Amino acid sequence: MFKLKLTALGHPNPDEFNCDDEKEYRSVILWLEDQKIRHYKIEDRENLRNIDSADWNIAYENYQKDLVSPVINGSLLEQLNWLLSYAVRLEYADNVEKYKSAKVEQPKKAAPNVVSSNPLDNLDFSSPAFKAGVERVCTLAGIGPHLDPKVRLAALAKVLKSNPHPHPTSLDSSIVQQPTDVLKLLFLQDIRDLQTKINEALVAVQTVTADPRTDTKLGKVGR
Amino acid sequence: MVVRQYNEELKYLDKINPYCWRIKKGFQPNMNVEGIFYVNNTLEKLMFDELRNACRPGMTGGFLPGVKQIANVAALPGIVGRSVGLPDVHSGYGFAIGNMAAFDMADPKSVVSPGGVGFDINCGVRLLRTNLHEKDVLPIKEQLAQSLFDHIPVGVGSKGIIPMNARDLEEALEMGMDWSLREGYVWAEDKEHCEEYGRMLNADPSKVSLRAKKRGLPQLGTLGAGNHYAEIQVVDEIYDKYAASKMGIERLGQVCVMIHSGSRGFGHQVATDALVQMEKAMKRDNIEVNDRQLACARINSIEGQDYLKAMSAAANFAWVNRSSMTFLTRQAFAKQFRMAPDDLDMHVIYDVSHNIAKIEEHVVDGKLKTLLVHRKGSTRAFPPHHPLIPVDYQVTGQPVLIGGTMGTCSYVLTGTHQGMTETFGSTCHGAGRALSRAKSRRNIDYKDVLNKLETMGISIRVASPKLVMEEAPESYKNVTDVVNTCHGAGISKKTVKLRPIAVIKG
């Protein structure tokens, strides 16, 4: 993981880096500060340098705070990713002239690149944002807890199928109601268009089949 | 029937709110669920008088009172929710007229009962609008009434003027309104504004006896007798401007045409045939009921399925029948006004069934269930945004057409969410009888009835004037009481009131 960014930054061993190993992770953070970011003075990097210390995490968190990292609450991988990108940006800013002329040759694609238009296909099921979203919607529908958010989502789908009108316990109605109303009206417009097309098709068929007749001689008034 | 003192009977009845009474278990034997009925103070009195009369010594063997019938239905196998009595409830064959009951399709013991549909299968009401005003019609009212009378044959033994042979009938039974559409008798928009789009898909003409078909063939396009009618009406009051405008009703005095008819002798024969079959099925499957008239069969039995397929064919017959009369009405108006029906804006507002059993999905105790819903003298009234109602009524809820009696008002209501949860999306169907036909004949003079209509400025054409007192307003409950109860109870909502200016009757 992160092979491309590590290579770009000139890391000595980008191929072997294992980001799940705590020690390697910490080493890379230290390497980034020592070689690339250089946010602290050398003597202030002491706490980060103690990669075997239990206090390293505190130092790391302070470091991120000092850098104003936007993903300070994200996963470790997200945090590292941001630091790497930040380092790349600094590297580029130092040598704008050198990199500006760099050209990347596009490799010829064998197959056309199919980009899925369905945003659901690109969901990251392990991200905390997904977990938090599932948590929220499951609380609304009264789905019990489960370790795997995907299982909870499946349970929610089942409940919605068998009981199409779950009554939300507490809900700020105006926030939900207005967009729901708009969606309903848009849906109605679609259905109206469809029904009009159906009617037009029926009328087209009638021009061929219709032959309404009456015969008053058949009529008989009863008693 | 359990014989108890009137005061003892009252202990099983419980007033829940000003419009609604509960019938507790034990009122009749073996009740699986409770009963419920909707009445206001006036209708309540009628209802309890009926019960008190039945409790008098020596009154056994007569008509069962409506409350008892509602409770007997609550004892049928597979019933869910409650057995519901609507405000126009009165004694009928097995089920009271104005009773709805739903049976769980997933329960193998659940039953279907022809008595829960009635003999006039898919009897219903259709309302056409026009862009005419009352003052356009008044000068030629008599001619228009006569023209309608000439176009639409009425009365017992009447024959229709749309030529049909046996093969046409088979196709019509299978296709319902699609047949009328194919043959060019109706417009595409008519189908859109009809309950079930005018066609029961499970109809199977091969399950219908030859006798029924022979009775039905000449009767297509005829109104029939009894309480059936075609009326020219004008808009008298608009309660819900938005819903009315969605129906194309824009102003007071606007002229509409209401057609109230059913499946004639055809449906009657289908019901009679099924009752014979079901008695056998009951013996075989050991089905116990409180009243012999509640003959029924398990939904999944051969008899149950055969009945549902034949009933659907009869329902299709009724839709073709009302469609044929729509065609004839448009012709009559077009001739009188020398304008095309299109230019008179003679669109179908809606078409409701009030004697039918249908498979529907409802939420029972928080769970979605597939049910066989019997509505006898009860109209479906689905709420806004229900997927089975036309797109034009998605915001207002389904239009519910309530025909009054001869010379009284009619109403248009809309379905509500409350009705969906309380009564499986059902409401009343009309005034509901207060006096039996025989009693009406004894107590009322037909000349008085006709004179009264004349003084009210209502033109009338009848096939058999001497039977007209059976249908006199005095023989019925007050339709306004009935409608106000439904509105007050929240199971449907008043939209428009219509007043008749001309009546065609059997």
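These protein sequence lines are chains A and B, in that order.
Position one of the first sequence corresponds to residue 1 (full-length UniProt numbering), numbered consecutively onward.
Position one of the second sequence corresponds to residue 1 (full-length UniProt numbering), numbered consecutively onward.
Glycine included, C-beta positions come from ideal geometry on N, C-alpha and C.
Because the structure is a prediction, the values reported are computed rather than measured.
- Secondary structure at residue 125 of chain A: coil, using DSSP grouped into helix, strand and coil.
- Between residue 209 of chain A and chain B, the shortest Cβ-Cβ separation is below 8 Å.
- Its chain contains 125, 258, 260, 410 and 430 as the residues whose beta carbon lies nearer than 7 Å to that of residue 403 of chain B, once the 5 sequence neighbours on both sides are disregarded; these appear in chain order.
- Here residue 175 of chain B is near residue 199 of chain B, since their CB atoms are less than 8 Å apart.
- Take the alpha-carbon of residue 18 of chain A and the one of residue 10 of chain A: they are about 16 Å apart.
- Taking 7 Å as the Cβ-Cβ cut-off, the segment 177-202 of chain A approaches chain B at 184, 188, 191, 192, 195, 199 and 202, given in chain order.
- Of the candidates B/205, B/219 and B/130, the residue whose Cα lies closest to the Cα of residue 321 of chain B is B/219.
- A direct Cα-Cα distance of roughly 25 Å separates residue 461 of chain B from residue 186 of chain B.
- For residue 112 of chain B, the closest of B/494, B/293 and B/237 by C-alpha to C-alpha distance is B/293.
- For residue 372 of chain B against residue 299 of chain B, the beta-carbon gap comes to about 6 Å, under 8 Å, which counts as contact.
- As the crow flies, the alpha-carbon of residue 49 of chain B is around 53 Å from that of residue 194 of chain A.
- Considered as a whole, the segment 16-61 of chain B harbours 41-55 as its complete alpha helix (DSSP H) runs of no fewer than 4 residues, in chain order.
- Residues are counted here when their Cβ sits less than 9 Å from a Cβ of chain A; for the segment 103-117 of chain B the count is zero.
- Per DSSP, reduced to three states, the secondary structure at residue 203 of chain A is helical.
- Taking a Cβ-Cβ threshold of 8 Å, the residues of chain B close to residue 213 of chain A are 162 and 163, in chain order.
- Straight across, the Cα-Cα distance linking residue 57 of chain B with residue 422 of chain B is about 36 Å.
- With a cutoff of 8 Å on beta-carbon distance, residue 162 of chain B and residue 214 of chain A are scored as near each other.
- For residue 415 of chain B, the enclosing beta strand (DSSP E) begins and ends at 410-415.
- If the five residues before and after residue 470 of chain B are omitted, its C-beta is found closer than 7 Å to the C-beta atoms of 437, 440 and 441, all from its own chain and listed in chain order.
- Residue-level contact check: residue 218 of chain A touches chain B, since one or more beta carbons of chain B fall below 8 Å from its beta carbon.
- In summary, the residues of the segment 170-185 of chain B whose CB is separated from some CB of chain A by less than 7 Å are 181, 182, 183, 184 and 185, in the order they occur in the chain.
- Spatial neighbours of residue 31 of chain B in its own chain (CB-CB distance under 7 Å, excluding positions within 5 residues in sequence) are listed in chain order as 25, 71, 74 and 75.
- According to the DSSP secondary-structure assignment, residue 362 of chain B is paired through a beta bridge with B/369.
- Residue-level contact by beta carbon fails for residue 277 of chain B and chain A, as no gap is shorter than 8 Å.
- Proximity of residue 502 of chain B to chain A, defined by a Cβ-Cβ separation below 8 Å, is not satisfied.
- Proximity to residue 102 of chain B across B/236, B/249, B/256 and B/370 peaks at B/370, based on C-alpha coordinates.
- Shown here for residue 51 of chain B: same chain residues with a beta carbon closer than 8 Å to its own, the five before and five after excluded, namely 6, 9, 65, 67 and 68 in chain order.
- At a cut-off of 8 Å between C-beta atoms, residue 426 of chain B does not count as an interface residue with respect to chain A.
- According to the DSSP assignment, residue 229 of chain B belongs to the beta strand (DSSP E) that extends over 229-238.
- Under a criterion of Cβ atoms nearer than 7 Å, no residue of chain A is adjacent to residue 415 of chain B; the nearest Cβ is some 16 Å distant.
- Residue 16 of chain B counts as exposed, since fewer than 16 other beta carbons sit within 10 angstroms of its beta carbon.
- Under the three-state reduction of DSSP, residue 355 of chain B is assigned to strand.
- For residue 149 of chain B, same chain residues with a beta-carbon under 6 Å away, outside a window of 5 residues either side, are 461 and 504 in chain order.
- In the three-state scheme derived from DSSP, where H, G and I count as helix and E and B as strand, residue 289 of chain B is classed as coil.
- DSSP places residue 131 of chain B in the strand class (E or B) of the three-state scheme.
- Taking the C-beta atoms as reference points, residue 119 of chain B is found nearer than 8 Å to residue 271 of chain B.
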